[in-house]
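The sequence shown runs contiguously to residue 193 in the working numbering. Input: a single structure, listed below in structure tokens.
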Amino acid sequence: MSVDDRPLASFRVSMRDIDIYGHVHNSRYLDYCEDAVVEFLRQRQILSHFRHTSSGVAYHVKKAEITFHSPIDLDDVVEAKVDVEKIGRTSLSFAIELFRQRDGAHCASAHFVWVCVGLSDSRPTPIPETTRAALSPG
56 MSVDDRPLAS FRVSMRDIDI YGHVHNSRYL DYCEDAVVEF LRQRQILSHF
106 RHTSSGVAYH VKKAEITFHS PIDLDDVVEA KVDVEKIGRT SLSFAIELFR
156 QRDGAHCASA HFVWVCVGLS DSRPTPIPET TRAALSPG
């Protein structure tokens with residue numbers, strides 16, 4: 056399932072995100088990517104599928120991987136795009152791309168794997184069918 060060519064989410068870089076070298080600290084990219092995934096779910100009106108209080112399950116980050124391509128600076132506007140790469144039995148994989156609005160530079164590529172877990176034992180459990188259907192294309 057892919058978003059179209061419009062950015063899914065955009066945000067302006069704050070001073071709190073800048074490191075001593077004058078660009079966004081590497082650790083902040085994870086926050087930007089996570090915010091983009093949440094916005095992806097919100098825009099599709101399926102965020103409730105990921106709230107433990109309404110879904111009966113929780114999702115834990117199993118893997119977060121980022122490849123940096125170009126720095127992001129103070130006051131840059133960052134645009135994010137998100138794709139669901141894979142829906143497994145107990146896990147979801149997301150691809151996130153971050154772009155600098157002022158010149159369209161591709162700044163980072165990220166991959167997240169979330170694992171669906173039971174609330175009582177935090178052990179992997181199958182992704183609910185309603186969530187699977189909501190994330191599937193078509």
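From the three backbone atoms N, C-alpha and C, an ideal C-beta is built for every residue, glycine too. Every value quoted in this text rests on a predicted model; they were computed, and no experiment measured them.
Between the options, which has its C-alpha nearest residue i's C-alpha?
{"i": "Ser110", "options": "Pro192, Thr180, Ser191", "result": "Thr180"}
{"i": "Val132", "options": "Val79, His166, Ser191", "result": "Val79"}
{"i": "Phe194", "options": "Gln98, Ile151, Trp169, His107", "result": "Outside the modelled stretch of the chain, which goes from 56 to 193, sits residue 194, for which no answer is possible."}
Since residue i and residue j should fall inside the 8 angstroms C-beta cutoff, what is the C-beta to C-beta distance between them, to a whole number of angstroms?
{"i": "Ile194", "j": "Leu147", "result": "Limits of the chain in this structure are 56 at one end and 193 at the other, which puts residue 194 out of reach."}
{"i": "His104", "j": "Ala189", "result": "6 angstroms"}
{"i": "Ala64", "j": "Asp90", "result": "7 angstroms"}
Based on the DSSP output, what are the partners of residue i in its beta bridges?
{"i": "Glu134", "result": "Ser65, Phe154"}
{"i": "Asp128", "result": "His78"}
{"i": "Cys171", "result": "Tyr114"}
Given this structure, state the Cα-to-Cα distance separating residue i from residue j, to the nearest angstrom.
{"i": "Trp169", "j": "Asp138", "result": "14 angstroms"}
{"i": "Ala160", "j": "Val68", "result": "15 angstroms"}
{"i": "Arg158", "j": "Lys141", "result": "Per the sequence shown, residue 158 should be read as Asp rather than Arg. Near 30 angstroms, if we compare the C-alpha coordinates of Lys141 and Asp158."}
{"i": "Ala135", "j": "Ala113", "result": "24 angstroms"}
{"i": "His107", "j": "Leu174", "result": "8 angstroms"}
Using the Cβ count rule (16 or more neighbours within 10 Å means buried), how would you classify residue i?
{"i": "Asp74", "result": "exposed"}
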